[in-house]
Every structure is written in structure tokens, then in C-alpha cells.
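Inspection log for the structure reproduced underneath, given as C-alpha cells.
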């Protein structure tokens with residue numbers, strides 16, 4: 040039925056004079072479970088579906104969404120939207136979209152979500168909770184979502200997709216030696232529940248709690264000074280996401296997100312500018328199989344590909360949708376995403392990470408005579424232009440004469456984006472990726488992403 044309604048909506052808006060139009064049908068069937076201090080506190084079961092209709096008329100972009108599947112009501116809503124858009128076009132800037140090849144695809148990621156019942160899902164959470172039950176505050180969440188999409192446009196694209204997403208998150212409060220520390224992390228995949236075995240949550244979380252307890256019990260305050268800073272993949276990932284991914288979103292570069300998500304220190308003339316050392320390579324790749332930010336076509340029907348944001352320290356590419364691509368005389372690189380049918384597409388990241396290098400992690404440590412190892416972080420912040428940032432270590436250690444020694448309590452790194460990336464002199468040969476929900480837009484849209492990279496070293500950085 041939804042395909043017929045999508046075709047009807049496309050035909051209707053074209054008959055009203057649209058120069059270009061696309062229709063997105065989306066269905067989300069989701070389940071969520073929360074365990075708080077061992078008690079099942081919240082469970083949710085939801086199914087939503089609807090159509091998002093976008094069109095270009097009088098060089099102005101209009102959008103309307105519907106969740107009533109009645110042709111007469113859909114037609115009236117489209118007609119009202121077109122009237123408003125035509126009036127708005129008299130005062131707004133002219134909008135154009137880049138020319139792109141039409142896409143035709145039908146793909147599905149097979150999953151084992153529906154094979155597992157509610158009791159089994161809660162059991163998975165309780166298994167994790169059991170090994171950390173001595174902690175005063177434990178918040179565990181497990182959710183799954185089956186997403187079905189159908190995209191058509193006036194250029195002949197027809198793309199059908201169906202895929203699952205799994206997400207696990209924990210927030211823990213750890214107390215030791217009259218001190219407290221909080222730890223948050225999430226896992227995500229475009230997969231079924233078979234991925235839980237790969238995540239090995241019981242062991243990983245248990246090991247992490249032990250390490251953080253040791254830090255609270257035996258940790259020392261860092262003496263403010265200059266150190267070589269070894270960043271674990273989680274720290275590399277948040278730096279990539281915040282100081283490369285976001286400022287390279289072309290709509291931010293044009294200033295179109297200033298009131299919602301902020302601006303960018305990057306300008307459109309900075310393609311080819313050296314921003315990091317020669318060992319820094321950063322990509323955004325939605326095509327990674329089973330990844331949390333996976334897609335093969337974006338929400339404008341453009342075929343996905345890997346985007347090289349930084350190559351050997353030089354800025355090579357920004358993230359584009361069809362509008363920003365047109366404005367820069369380029370083709371879209373399939374970075375347009377929306378989190379539901381009733382939201383506009385925005386320029387978004389997918390899986391953004393630093394590529395691996397040639398160094399072994401043990402060699403990076405061995406060659407560090409006076410350093411700090413930030414294995415992961417407990418807090419971070421960055422300014423609206425993505426230039427000045429701060430990362431505070433959670434599990435962190437002193438590195439002395441090539442060896443990891445004492446745990447360090449809450450070491451802080453404050454640095455600018457160019458200084459961070461130009462200071463990288465060693466890059467590990469293994470990559471780890473971490474899930475996140477990236478927020479942007481008004482109203483805010485949380486989008487599934489991955490971020491990460493290898494262990495890296497920053498040379499001679501002031502820490503405190």
C-alpha cells in the first residue's frame with residue numbers, strides 16, 4: 040500500500056508545478072529495555088510509519104510529512120504545503136540541487152531480531168548487571184529497531200531498503216576511596232542480536248570497572264606540564280567526530296546550522312589546506328558492512344561511498360547533500376540523512392574514523408619517555424566553531440621511560456583543532472570503532488554513527 044501512496048504523492052506534487060520532488064516512506068518497529076540497579080524500569084514497544092514529501096518549486100524547497108494513509112487527506116496537505124512554499128519563495132534565497140544519477144536498488148540486511156523474545160533480551164541485561172552489582176548506580180539499556188524505507192523521486196529513482204539496528208548503552212557510577220566517577224559508553228550495529236556475542240559485554244564492562252576502581256584507589260593527580268599524549272581509539276574517535284566530522288559538514292560551512300548546531304572554523308576555500316601531520320588520514324564511510332551508521336543510499340537517493348576528509352594531513356573533501364554540492368559546483372557525496380520520515384534531510388556523518396598507520400601500540404608506548412595515556416574519556420567539550428576543545432581522561436595512566444606506570448585522575452587536554460592534528464607523530468596499526476547518536480537540527484535529530492580509529496600519539500602537549 041505504501042508504494043502506491045508514495046507514487047500518488049509524487050504525482051500530486053508534480054502536477055502542482057514542482058520542478059523536482061522526492062518521497063520517503065519510512066517504518067520503524069522498535070523495542071527498548073532499561074535496567075536500573077538490577078530492576079526493569081522501562082520497556083517500550085513502538086511502531087511508526089509515514090511519508091516525507093520534499094519538492095522544489097519556484098526555486099524554493101518545500102517539505103510536508105503525513106502519517107495518515109488516505110489519498111484525499113494527503114492531497115489536501117500537499118496542496119496547503121505548496122501554497123505556503125510558493126509564498127515563502129518570494130522572500131527566500133533561490134535553492135538548487137546538484138544533478139545526480141537516478142538510483143534503483145532493493146536491499147535487505149538479514150537479522151535475528153524477532154527470533155529473540157522479551158525475556159531473553161532482559162536476561163542479557165541482567166547478565167551484565169550481575170557482574171557489576173556492587174556499584175551504587177547502574178543504568179543499562181538495550182534496544183532494537185527494524186527500519187524499512189522506500190524512496191522515489193521525479194528523476195526515476197526507486198530504492199527499497201530494510202535493515203535492523205541494535206544498540207546497547209551503559210551509565211555507571213563507581214565509588215572507591217571516598218571518590219566517585221561516572222562512565223558512559225554505547226555499542227551499536229546494523230545487525231541482529233548475534234552481535235552481542237562479539238561485543239562480549241560481561242567481560243569488557245567487568246574489566247573496565249576494575250580498572251576504574253584501581254584509578255580511584257591508586258590514582259595520582261597529574262602535574263601540569265608538557266607530555267607526549269597517547270590517545271586510545273575512543274579518544275581518537277571523539278576528536279575525529281567533533282573536530283573533523285562536524286566542521287566538515289558543508290551546511291555548517293555555509294552558516295546554515297549556526298542557530299541550531301553551530302558554525303565551522305573551516306571555510307569552503309580550505310580544500311587542499313594542510314590541517315594535520317602527514318600521518319593523519321580521516322574518512323567517513325557509510326558502506327561498512329553491519330556498521331551502526333550503515334547505508335548504501337542516502338535519504339536523497341544518492342549512492343553512498345567512502346569520503347576522504349583528510350589525506351596525509353590535507354583537507355580533501357567536505358560532507359555534502361545535493362544543495363551544498365550545487366552551491367560548490369560539485370556532486371553530492373551521499374551525506375544527506377534524516378532520522379524519521381517527518382524530519383528534513385541534513386548533512387550528516389555516518390562512520391567517521393581515522394585510518395590505521397604502521398605503528399604497534401606497544402611500540403608507541405615504548406617510544407614515549409614522558410607521557411600520559413588517555414585510554415578513554417569521561418567528559419569533553421568543544422566550541423561552536425569546532426576549534427577549541429577539551430578532553431578529560433577517565434581511565435588514564437602515566438607513561439614513564441616507555442612503560443605504563445601509575446593511574447592518573449582526570450587528566451585534561453585543552454587544545455585547538457589544528458594543533459591536535461598537526462601534533463600526531465605515531466599512528467597505531469589497529470582500529471576500534473564506537474557507537475554514538477549524533478545530534479543536529481531543529482527539532483533535534485539523533486542519527487546513528489560510529490567514530491573511532493587507532494591509538495595515536497600527540498607530541499609535546501600541555502596537560503593538567
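In the working numbering, the protein residues as written are 40 to 503. We put the CB at the ideal spot given by N, CA and C, even for glycine.
Residue 465 burial status per 10 Å Cβ neighbour count (16 or more: buried): buried
Supposed contact pair residue 95 and residue 64 - C-beta distance, whole angstroms, cut 8 Å: Going by Cβ atoms, the distance from residue 64 to residue 95 rounds to 20 Å, so no, they are not a contact pair.
Proximity to residue 299 [Cα-Cα], best of 480, 84, 67: 480
Going by C-alpha distance, which of 278, 305, 44 is nearest residue 110? 44
Using the Cβ count rule (16 or more neighbours within 10 Å means buried), how would you classify residue 209? buried
Start and end of the beta strand (DSSP E) containing residue 189? 176–192
Would you kindly report the start and end of the unbroken beta strand (DSSP E) that includes residue 235? Secondary structure note for residue 235: it is in no beta strand (DSSP E), and the uninterrupted alpha helix (DSSP H) holding it is 234–238.
Does the stretch 365–380 touch the stretch 396–409, meaning 3 or more C-beta pairs lie closer than 8 Å? no
By how many angstroms is the C-alpha of residue 191 removed from the C-alpha of residue 509? The structure shown does not extend to residue 509, since the chain is modelled only from 40 to 503, so the question has no answer here.
Taking only runs that begin and end inside the stretch 117–173, name each unbroken beta strand (DSSP E) of 3 or more residues, in chain order. 143–147
Look up residue 108 in the DSSP assignment and say whether it is helix, strand or coil. coil
For the stretch 415–426 against the stretch 264–283, do three or more pairs of beta-carbon atoms, one drawn from each stretch, fall closer than 8 Å, so that the two count as touching? yes
Would you kindly check if the distance between the Cβ of residue 182 and the Cβ of residue 76 is under 8 Å? no
Taking three-plus beta-carbon pairs below 8 Å as touching, is the stretch 204–219 in contact with the stretch 169–187? yes
Is the stretch 339–355 touching the stretch 306–318, taking contact as three or more C-beta pairs under 8 Å? yes
Excluding the 5 residues flanking residue 483 on each side, which residues of the same chain have their C-beta closer than 7 Å to its C-beta? none
On a Cα-Cα basis, can you pick out the residue from 239, 217, 49 that is closest to residue 166? 239
Residue 286 to residue 346 span [Cα, whole Å]: Approximately 14 Å, taken between the alpha carbons.
Find the nearest neighbour of residue 259 within the set 244, 246, 485, 218, judged by alpha-carbon distance. 218
Tell me whether the beta-carbon of residue 425 lies closer than 8 Å to the beta-carbon of residue 304. yes
Cα-Cα separation between residue 370 and residue 361, rounded to whole angstroms: If you draw a straight line from the Cα of residue 370 to the Cα of residue 361, it is about 7 Å long.
Completely contained beta strand (DSSP E) runs for the stretch 296–374, where each covers 3 or more residues: Fully enclosed beta strand (DSSP E) runs of 3 or longer: 321–323, 346–350.
Three or more beta-carbon pairs under 8 Å between the stretch 389–399 and the stretch 457–472, yes or no? yes
Checking 8 Å against the spacing of the C-beta atoms, do residue 222 and residue 433 come in under that value? Cβ distance < 8 Å, so residue 222 and residue 433 count as in contact.
In terms of alpha-carbon separation, which member of 411, 133, 105, 118 lies closest to residue 97? 133
Candidates 82, 501, 120: which alpha carbon is nearest residue 48's? 120
Determine the closest residue to residue 428 out of 274, 327, 445, with distance taken between C-alpha atoms. It is 274 whose Cα lies nearest to the Cα of residue 428.
Which partner residues does residue 421 have in the DSSP bridge list? 428
Apart from the five residues just before and just after residue 364, which ones in its own chain have a Cβ nearer than 7 Å to its Cβ? 137, 370, 371
Endpoints, the alpha helix (DSSP H) within which residue 461 is located: 456–461
So, for residue 53: in the same chain, excluding its five sequence neighbours on each side, which residues have a beta-carbon less than 7 Å away from its beta-carbon? Answer for residue 53: 60, 193, listed in chain order.
If you count every other CB in all the chains shown that lies within 10 Å of the CB of residue 408, and 16 or more means buried, which is it? Residue 408 is exposed by the Cβ-count criterion.
Just to confirm the assignment, what range does the beta strand (DSSP E) spanning residue 59 have? Taken as a continuous stretch (DSSP letters only), the beta strand (DSSP E) holding residue 59 covers 59–75.
Under 8 Å by Cβ, that's how I've got residue 445 and residue 257 pegged, so tell me the actual separation to the nearest angstrom. 7 Å
Relative to the C-alpha of residue 198, which residue among 46, 174, 290, 393 is closest? 46
Which residues share a DSSP beta bridge with residue 86? Paired residues: 68.
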